[in-house]
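This report refers to the structure that appears directly beneath it.
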Ligand SMILES: CC(C)(COP(=O)(O)OP(=O)(O)OC[C@H]1O[C@@H](n2cnc3c(N)ncnc32)[C@H](O)[C@@H]1OP(=O)(O)O)[C@@H](O)C(=O)NCCC(=O)NCCS
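Numbering (the numbering used here), first residue to last: 31 to 274.
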């Protein structure tokens with residue numbers, strides 16, 4: 031296998047009953063031997079300083095891939111300048127915040143797992159969040175302990191293999207937890223799923239205690255992706271075109 035990086039970007043139309051918002055998603059995936067430090071030319075000077083403070087190579091990689099994905103999504107949506115003009119910092123709860131003189135009111139969400147990162151950018155009026163999980167058998171027992179009996183049964187009824195289904199639920203919940211800015215610090219039961227519908231290329235997930243949101247989850251290769259949006263929003267997300 032040769033060292034490579036694959037990038038998929040897509041504009042997303044977020045259609046509400048009375049209006050339409052525009053967002054964009056970027057998915058960046060590399061082979062294991064690709065050096066993400068080669069992307070540091072796209073980092074803002076302050077991001078470079080932050081990178082220097084990160085000790086673990088895996089964290090350096092996720093930091094760069096996540097920032098790169100945000101910037102590519104912004105470019106897809108509207109941004110015309112050099113990517114290093116954009117700075118993404120973390121707020122007090124760890125949530126990513128965009129700083130850029132020429133961008134107004136744009137927000138972002140980031141996720142990374144293994145050699146892949148995903149980011150969405152969206153206007154403040156319309157929240158969106160994203161998650162990506164590398165599917166690994168070693169997590170099966172832990173994930174099984176985090177879900178309800180109804181969720182276990184629901185996973186078995188989907189077309190996904192059990193392990194992939196468990197990751198799908200986990201990823202959906204993590205995306206919701208980031209949408210709420212609380213992360214997975216609360217008891218798992220608050221993220222309980224109440225309904226799973228099968229889509230042509232993925233799943234649509236609804237929550238028992240957060241009726242305002244829904245999540246579209248899909249699998250590409252060994253990864254599960256989740257996009258959480260308000261329940262009353264329709265999207266034109268083209269999942270086959272996002273395949274990495
Ligand atoms: C938030 C959390 C679910 C992310 O888990 P993870 O396995 O790193 O998941 P992902 O790769 O999908 O997401 C990481 C990204 O989420 C974003 N993020 C982190 N915390 C966030 C939060 N509270 N709300 C929204 N987004 C958040 C960041 O952009 C981060 O990437 P970056 O550090 O490179 O900028 C996890 O860290 C968690 O549960 N934390 C609980 C602790 C917590 O929320 N503390 C708040 C400070 S008091």
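For glycine and all other residues, C-beta sits at the position ideal for the given N, C-alpha and C.
- Ranking 195, 178 and 149 by CA distance to the CA of residue 170 puts 195 first.
- Residue range 126 to 129 is occupied by the beta strand (DSSP E) that includes residue 126.
- Distance check between residue 114 and each of 125, 121, 106 and 102 places 102 closest, using alpha-carbon atoms only.
- The beta carbons of residue 76 and residue 110 sit no closer together than 7 Å.
- The three-state secondary structure of residue 153, taken from DSSP, is strand.
- Scanning 199, 131, 162 and 209 for the CA closest to the CA of residue 219 turns up 199.
- With a cutoff of 6 Å, residue 256 does not count as near ligand 1, since its C-beta is closer than that to no heavy atom of the ligand.
- With a cut-off of 8 Å on Cβ pairs, the region 252 to 259 is in contact with the region 145 to 161, counting three or more such pairs.
- Contact check for residue 245 and residue 46: beta-carbon distance about 17 Å, past the 8 Å limit, so the pair fails to qualify.
- In this structure, residue 59 lies near residue 146, with their beta-carbon atoms less than 7 Å apart.
- Classified as buried, residue 208 has 16 or more neighbouring CB atoms from the shown chains inside 10 Å of its CB.
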